[in-house]
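Below: the structure, in structure tokens.
Residue numbers (my numbering): 131 to 600.
Put into structure tokens, the structure is as follows:
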């Protein structure tokens, strides 16, 4: 047996190793099989519990459903508030008006839309809403329609006063443990009418105090003209574009343009011809067509806002200003945008300040988006100096500035090193006071071109009229 083992020792070694490996693999396989069976049992149990829960048809918690509805409504409300900041120069005054009378901004807009649709005008033997009448071209309120327009706006404010009275009556009834009867016949109380009219007057007093509104005369002497102007502005804050008769608009535009020049609102613009080139030179000899008039009243406050922000920056003069639009915003029918291309002579600091002021305009319910800025040096003298230095060196000439003495292999002599214990820069400065001073960039005067957009939210307009899109 021993002889057999000695002769087959290699076989027995291999056989033993294989046997041990087989036993190990078998043990691992049994362990893995047990683990798989355990996981399978867990999956079966989970599936069974899931099926039981699903078949039980447990209803969602009603409180969660209510919260989802509330959160959705809150989100929509916040989105609308954000949208109203786009191109709404009179919004902050409308918010003051709403606060003064104790109503929410949404109520003002909702009631104006309802009133616009419900206000009836007798046309021959039939009645039509104001929206139907104004929706037909040409869209503008003629001078002889002033009385109609005034009545429409008076009844809107009466409507707001009635809401105040109705809310007070409902609150009193609830306090008494009763229900308000015959709510449809509640009339606006005199005190509520007075409150609304007081807030209406304050609306315009606040506008006239605002430094961003000085081009347009908001207090003309003629009471009829002033009344029409105020009603136009108040209605435009609620979504009805401003209109005028063509000849009246032409004269009004000329007055505003003259104010731009007289008050030097645009830096560097001192004559009316340049101002007109920036703002509607086509209407000097010809009155605007009816469909262009709302766009003029839409754009002039934008021009004034841009001018004010330009004027607040030092060392800046306008060379050119070009407006394109309004155009529909990409992928949305709720926005229009103007594109402006501005060219100015300025400094690097002033162009940064102006861009920052555009970005901060959202605080005044105006939204600008700067697309690109191109800056060009205002003088070529520095480049000429640098070019001369480089050309001298390329031609093997000597730089006009003193050069430090050098030893072998381009190293400074020992005496130079000994005289500069803190480094080589002080030594170079001792030879040339201009060492390490800027050659290019000392002159910060530049010419800059800025391309930016101005966005306007039109999703709450109360009629189907669209401004003429260029």
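For glycine and all other residues, C-beta sits at the position ideal for the given N, C-alpha and C. Note that the coordinates shown come from a computational prediction; the quantities given were computed from them, not determined experimentally.
Setting aside the 5 residues that flank it on each side, residue 438 is surrounded in the same chain by 341, 342, 395, each with a C-beta closer than 8 Å to its C-beta; the list follows chain order. The beta carbons of residue 505 and residue 420 sit no closer together than 8 Å.
Here the alpha carbon of residue 293 sits roughly 14 Å from the alpha carbon of residue 235. Separation of residue 511 and residue 585 (C-alpha to C-alpha, rounded to the nearest whole angstrom) is 41 Å.
One Cα belongs to residue 368, the other to residue 496, and the distance between them is close to 16 Å. Secondary structure remark: continuous alpha helix (DSSP H) runs of at least 4 residues inside the region 220–285, in chain order: 221–231, 235–248, 260–264. In terms of Cα proximity to residue 279, the closest of 336, 357, 469, 583 is 357. Between the region 380–388 and the region 414–432 there are three or more inter-stretch CB-CB distances shorter than 8 Å, so the stretches are counted as touching. Residue 312 sits away from residue 291, with the two beta carbons spaced by 8 Å or more. Counting other Cβ atoms within 10 Å of its Cβ, residue 260 reaches 16 or more and is therefore classed as buried. When DSSP states are grouped into helix, strand and coil, residue 458 belongs to the strand group.
Apart from the 5 residues on each side of it in sequence, residue 581 sits with its Cβ closer than 6 Å to the Cβ of 471, 501, 502 in its chain, given in chain order.
By the neighbour-count criterion, in which a residue is buried when 16 or more other Cβ atoms sit within 10 angstroms of its Cβ, residue 488 is buried.
Non-local beta-carbon contacts of residue 366 in its own chain, meaning distances under 6 Å to residues more than five positions away in sequence, involve 372 in chain order. Residue environment: residue 217 is assigned as buried (16 or more neighbouring CB atoms within 10 Å of its CB, all protein chains considered). Note on geometry: alpha-carbon atoms of residue 310 and residue 326 lie some 23 Å from one another. A buried status is given to residue 283, since no fewer than 16 other beta-carbon atoms sit within 10 Å of its beta-carbon. Burial check for residue 351: the Cβ neighbour count within 10 Å stays below 16, so the residue is exposed. Under the DSSP assignment, residue 581 falls in the beta strand (DSSP E) whose first and last residues are 575–587.
Residue environment analysis places residue 277 among the exposed positions, since fewer than 16 neighbouring C-beta atoms fall within 10 angstroms of its C-beta. Going by beta carbons, residue 411 and residue 446 fall outside the 8 Å limit. Per the C-alpha coordinates, the member of 376, 315, 385, 324 positioned closest to residue 348 is 385. In the assembly as shown, residue 151 is an exposed residue. Its beta-carbon has fewer than 16 other beta-carbons within 10 Å. Around the beta carbon of residue 363, 16 or more other beta carbons lie within 10 angstroms, which makes this residue buried.
C-alpha of residue 165 to C-alpha of residue 156: approximately 14 Å in a straight line. Residue 450 has 473 as its beta-bridge partners, per DSSP. Contact between residue 448 and residue 485 fails: their C-beta atoms lie close to 15 Å from each other, not under 8 Å. Between residue 405 and residue 427, the beta carbon gap of about 17 Å keeps them out of contact (Cβ cut-off 8 Å).
Taking 4 residues as the minimum length, the region 309–337 contains no alpha helix (DSSP H) run wholly inside it.
Closest in C-alpha terms to residue 431, from the list 494, 402, 177, 375, comes 494. Ranked by Cα distance from residue 456, the options 403, 450, 422, 144 are led by 422. Straight across, the Cα-Cα distance linking residue 153 with residue 147 is about 10 Å.
In this chain, the beta strand (DSSP E) harbouring residue 497 covers 497–507. Straight across, the Cα-Cα distance linking residue 444 with residue 474 is about 12 Å. In the three-state DSSP reduction, residue 433 falls in the helix class (H, G or I).
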